[in-house]
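Remarks on the structure that follows.
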Amino acid sequence: MGAYVLRRLALIVPTLFGILLLNFVLVQFMPGGPIEQVIARLDSDASATDRITGGGSEAPSAGASSEYRGAQGLPPEFIAELERQFGFDKPPVERFLLMLGNYLTFDFGESYFRSISVVDLVIEKMPVSISLGLWSTLLAYLISIPLGIRKAVRDGTRFDTATSGIIIVAYAIPGFLFAVLLLVLFAGGSYWQIFPLRGLTSDNWAELSPGGKILDYLWHIALPVTASTIASFATLTLLTKNSFLDEIRKQYVMTARAKGLSEGRVLYGHVFRNAMLIVIAGFPAVFIGVFFGGSLIIETIFSLDGLGRLAYESAIQRDYPVVFGTLYVFGLLGLVVHLISDMTYVWVDPRIDFESREV
9 MGAYVLRRLA LIVPTLFGIL LLNFVLVQFM PGGPIEQVIA RLDSDASATD
59 RITGGGSEAP SAGASSEYRG AQGLPPEFIA ELERQFGFDK PPVERFLLML
109 GNYLTFDFGE SYFRSISVVD LVIEKMPVSI SLGLWSTLLA YLISIPLGIR
159 KAVRDGTRFD TATSGIIIVA YAIPGFLFAV LLLVLFAGGS YWQIFPLRGL
209 TSDNWAELSP GGKILDYLWH IALPVTASTI ASFATLTLLT KNSFLDEIRK
259 QYVMTARAKG LSEGRVLYGH VFRNAMLIVI AGFPAVFIGV FFGGSLIIET
309 IFSLDGLGRL AYESAIQRDY PVVFGTLYVF GLLGLVVHLI SDMTYVWVDP
359 RIDFESREV
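The sequence shown lines up with residues 9 to 367 when you count with the numbering used here.
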């Protein structure tokens, strides 16, 4: 197992290189870079100034001079200075190699528009995304696995039929729609003001006792985590049930029962480790999906400032250091989680041998 882990760790570097290279090449062909964003903001501010002062009602004379140069076009010297500040005065290959060298030491540079380093920005937003991703994934597995096993054991009964109906309805409801429903019902929409609308903690969190801090934190994340869990909960429950049903019908289970083993021993001593492999295989996708993809919608609806929202806003603003910094973090996190998933395979079923497998 040790040699396999080392091979996988060695593959992380070229994989991240490929991810960054592909996205860097795509960025070169995207219109509206950071310089264009700055010019657009200056032009917008200049137009607003003209409307306030009335300067836009009459065309300026040839000899007139405006205090705000954005209204007349920016001088080439200013554009050149912007290119130097953003690093666009260098060829793309040199910029990419410099970025790789910095990323090896986790130096992601500074945001173009926020005057803060990307590392500090990611650390600032990380608690929200960790709260959503970790608790949603944990809650989904804690509910789905026991429920899926119970449904497999009682396949075809009223319990199985009733829970299947609930699961299908939960799966059919889009996550964002369920989040809006929770918001309307329990966060001061049209009905009850039970849960807070924004943030992970209250304003007086520092003044609370340790137990009060925990309760306040759980109070704030209750609705976002519930909304994030609903879709993955339904998928995992059905996956667990079908996996256990497939194993229960195999010959070795009939043999174990014929030997007089108890149903619990058969189910958890033999079936469990085989059936759980496919469930564990889906863990990286579930975790990363909730951590990043699902968090964008949930963060927006519940006014949470996390990594999903940060990455989206940075892409819209063409804030490339933040875009590539978050891309690097999510790519590295996904690869590490996938490796942990493989290691969990061996823990669940020691018969699996990754040493003899080609990476």
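Where a beta carbon is used, it is the ideal one built from N, C-alpha and C, also for glycine.
In whole angstroms, what is the alpha-carbon distance linking L191 and L231?
On the sequence shown, residue 191 is found 183 positions in, with the first residue counted as 1. On the sequence shown, residue 231 is found 223 positions in, with the first residue counted as 1. So the two alpha carbons sit approximately 8 Å from each other.
Give me the Cα-Cα distance between T334 and K258, rounded to the nearest whole angstrom.
Position 326 of the sequence shown holds residue 334. Position 250 of the sequence shown holds residue 258. When rounded, the distance between both Cα atoms is 45 Å.
Going straight from the alpha carbon of K159 to that of T245, what length do you get?
Mapped onto the sequence shown, residue 159 falls at position 151. Mapped onto the sequence shown, residue 245 falls at position 237. C-alpha separation (whole angstroms): 9 Å.
Give the range of the alpha helix (DSSP H) segment to which G26 is assigned.
Numbered from its first residue, the sequence shown carries residue 26 at position 18. 10 to 36 is the extent of the alpha helix (DSSP H) around G26.
Please report how far the alpha carbon of G339 lies from the alpha carbon of I138, in whole angstroms.
Along the sequence shown, read from residue 1 onward, the residue named residue 339 stands at position 331. Along the sequence shown, read from residue 1 onward, the residue named residue 138 stands at position 130. Going by the C-alpha atoms only, they are around 15 Å apart.
Which stretch, first to last residue, makes up the alpha helix (DSSP H) that contains G164?
By one-based count along the sequence shown, residue 164 stands at place 156. First-last for G164: undefined, no H or E at that position.
Check for me: the alpha helix (DSSP H) holding R103 runs from which residue to which?
Walking along the sequence shown from the start, residue 103 turns up at place 95. It spans 100 to 112 - the alpha helix (DSSP H) in which R103 sits, taken as one unbroken run.
Which residues in the same chain have their Cβ closer than 7 Å to the Cβ of I309, if we skip the five residues on either side of it in sequence?
Looking up residue 309 in the sequence shown gives position 301. Around I309: F184, A187, V188, L191.
Excluding sequence positions up to five away, which residues of its chain have a Cβ less than 8 Å from the Cβ of F167?
Here residue 167 refers to the residue found at position 159 of the sequence shown. Cβ neighbours of F167 beyond the five flanking positions: R158, K159.
If distances are taken between C-alpha atoms only, which option among F37, P182, V330 comes closest to I305?
Counting from one through the sequence shown, the residue named residue 305 turns up at place 297. When each option's Cα is compared against that of I305, the closest is P182.
State the Cα-Cα distance for the pair L275 and V331, rounded to the nearest angstrom.
As a position in the sequence shown, residue 275 is number 267, starting the count at 1. As a position in the sequence shown, residue 331 is number 323, starting the count at 1. Answer to the nearest angstrom: the Cα atoms are 47 Å apart.
Which residues mark the beginning and the end of the alpha helix (DSSP H) in which I87 is found?
In the sequence shown, counting from the first residue as 1, residue 87 sits at position 79. Where I87 is concerned, the enclosing alpha helix (DSSP H) stretches over 84 to 94.
For Y320, report the span of its alpha helix (DSSP H) as first-last.
On the sequence shown, position 312 is the one that residue 320 refers to. It spans 315 to 325 - the alpha helix (DSSP H) in which Y320 sits, taken as one unbroken run.
Below 8 Å, how does it come out for the stretch 33 to 45 and the stretch 111 to 119: are there three or more Cβ pairs, yes or no?
The stretch 33 to 45 vs the stretch 111 to 119: no contact.
Taking only three categories from DSSP, how would you classify S137?
As a working mapping, residue 137 is identified with position 129 in the sequence shown. Note: S137 maps to helix in three-state DSSP.
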